[in-house]
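Some notes on the structure that comes next.
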């Protein structure tokens, strides 16, 4: 899933200036005295610290990559530099290179005693197939448990990382490894440990809801989802407790699956205010409104209103699907199917919408213009 990123700062921050200064000093020196000794280059530790600022604070993976390259030229076995180098490659979309550097770090620190668990967690996310992912997650969580028992949990948010890893492990046993004989018991064990580690984790509560849905226990799933929502729903968007955009998209799916349509729409409308450029957002809103309308009597005004709104959301999904070249063809096909079913029951779209049906609608989607910020304008 794709990450969302904040807009870059308009002013050059002090940390940005520091990173540029270190990059300059590492590559060249200037003196009016040709006999003056050259100053020593920045150490690998200094370069890596600046790279961490560039990547994690400024969101600048290019500078981070240049800085970690210099650090590794100075010390090829510098673990923090290897891991940051992998992160920067990953941020730039180069998963193969990222995997290579995380594997080098894992080989140098096989039990995580030196630099911690993060490299194993990254390798788990980059793994191919559930079995490989689980091997890396098990190594990562073993390090996390050891460090947390030593009282080192708060220094790097290890509790949250432990919770995230355990939830990911449960999801693997609900998907790739669902046919394993102990899949259900493992899911229960992982989510229980996650909730013991971070009792108010919305992520763990969503995972619990997923497990209860798979067990066909919808009432318990709804209870878990309601607990998850209470953690953050009244907080501002920038509060630390608010889950990621992708996590809340998944929450909306679970709410729809448990027929909590009003709540699902509240979540989706809040996401729309934050970022309205994701086809999945509009697809889920349209699908939710369609299912909501299906509960109403055929031909009723309530169904017409809900399905009219559903058609608008699905239309926006189509606009973005075309504009962004989205790869999930299943969304496109289902959105088209729903639009067809809506049109068959409540009639074609009124003036101001797609008056001549689906074919003209496709032409309109292709001709949508971008706004000044490069975003596709939504209805």
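Numbering (my numbering), first residue to last: 204 to 582.
Note that CB positions come from ideal geometry on N, CA and C, so glycine has one too.
If you're wondering where the values come from, they're calculated on a predicted model, not measured in any experiment.
Out of 323, 526, 488 and 264, which has the shortest C-alpha to C-alpha gap to residue 511?
Distance from the Cα of residue 511 is smallest, within the candidate group 323, 526, 488 and 264, for 488.
Practice task
Have a look at residue 455 and residue 446 and give me their C-alpha separation to the nearest angstrom.
Solution key: Rounded to the nearest angstrom, the two C-alpha atoms are 12 Å apart.
If you follow the alpha helix (DSSP H) that residue 475 is in, where does it begin and where does it stop? 464 to 477 is the extent of the alpha helix (DSSP H) around residue 475.
Worksheet item: Taking the Cβ atom as the reference point for each residue, do residue 247 and residue 264 lie within a distance shorter than 9 Å?
Response: The criterion of a C-beta distance shorter than 9 Å is not satisfied by residue 247 and residue 264.
Checklist entry - When DSSP labels each residue in this structure, what does residue 333 get in the three-state scheme? => result Three-state DSSP puts residue 333 in a helix.
Checklist entry - Nearest to residue 515 by CA position, among 458, 474, 491 and 321, is which residue? => result For the residues 458, 474, 491 and 321, the minimum Cα distance to residue 515 belongs to 491.
ask   = At which residue ranges does the stretch 241 to 307 contain complete beta strand (DSSP E) runs of 3 or more residues, listed in the order of the chain?
value = Along the length of the stretch 241 to 307, whole beta strand (DSSP E) runs at least 3 residues long do not occur.
Discussion item. At the level of alpha carbons, what is the spacing between residue 432 and residue 406?
Written reply: Distance between the alpha carbons of residue 432 and residue 406: 10 Å.
| request: Output the boundary residues of the alpha helix (DSSP H) element that contains residue 313. | output: Here residue 313 belongs to no alpha helix (DSSP H), and DSSP marks it neither H nor E.
* Asked: When you compare only the Cα positions, how much space is there between residue 439 and residue 478?
  -> When the Cα atoms are used, residue 439 and residue 478 turn out to be separated by approximately 15 Å.
- Measure the Cβ-Cβ separation of residue 366 and residue 400 and say whether it is below 9 Å. Result yes, Cβ atoms of residue 366 and residue 400 sit closer than 9 Å.
Requested in this report: Tell me whether residue 406 sits in a helix, a strand or coil according to DSSP, three-state version.
Outcome: DSSP places residue 406 in helix when its eight states are reduced to three.
*asked:* I'd like the ranges of any alpha helix (DSSP H) spanning at least 4 consecutive residues and lying wholly in the stretch 511 to 550.
replied: Within the stretch 511 to 550, the complete alpha helix (DSSP H) runs of at least 4 residues are 532 to 549.
Using the C-alpha atoms, what's the distance from residue 362 back to residue 324?
So the two alpha carbons sit approximately 13 Å from each other.
(Q) For residue 560, count the other beta carbons within 10 Å of its own beta carbon; 16 or more makes it buried, fewer makes it exposed. Which is it? (A) Bear in mind that the predicted position of residue 560 carries a pLDDT of just 42, short of 50, making it unreliable; the figure below should be weighed with that in mind. With fewer than 16 Cβ atoms within 10 Å of its Cβ, residue 560 is classed as exposed.
- [ ] Compute the Euclidean distance between the alpha carbons of residue 497 and residue 506, then round it to the nearest angstrom.
- [x] Residue 506 has its alpha-carbon roughly 7 Å from the corresponding atom of residue 497.
Practice item. Take residue 339 as the anchor and find which of 351, 317, 371 and 357 has the nearest alpha-carbon. Key: The residue with the shortest Cα to Cα distance from residue 339 is 371.
>> Judging by CA-CA distance, which residue of 382, 581, 410 and 520 is the nearest neighbour of residue 391?
In response: Considering only alpha carbons, the answer is 410.
Could you say which of 530, 481 and 499 lies nearest to residue 518 if we only look at CA atoms? Considering only 530, 481 and 499, the residue with the shortest C-alpha distance to residue 518 is 481.
Point to revise | Rounded straight-line distance, which links the Cα of residue 386 to that of residue 520 | key: When rounded, the distance between both Cα atoms is 36 Å.
The stretch 312 to 319 touching the stretch 288 to 303, judged by at least three CB pairs closer than 8 Å = With the cut-off at 8 Å, the stretch 312 to 319 and the stretch 288 to 303 do not touch.
* Going straight from the alpha carbon of residue 328 to that of residue 508, what length do you get? -> Between the C-alpha atoms of residue 328 and residue 508 there is a straight-line separation of about 42 Å.
Compare the C-alpha of residue 471 against each of 485, 461, 462 and 266 and name the closest. Of 485, 461, 462 and 266, the smallest CA-CA separation from residue 471 is found for 485.
Relative to the C-alpha of residue 286, which candidate in 545, 322 and 428 has its C-alpha closest? Checking every option, the nearest Cα to that of residue 286 belongs to 322.
_Closest by C-alpha distance to residue 393, when choosing among 369, 424 and 256_ = Closest option to residue 393, Cα to Cα, is 369.
Residue 552 - DSSP class collapsed to helix/strand/coil: In the structure shown, residue 552 sits in coil (DSSP, three-state: anything other than H, G, I, E or B).
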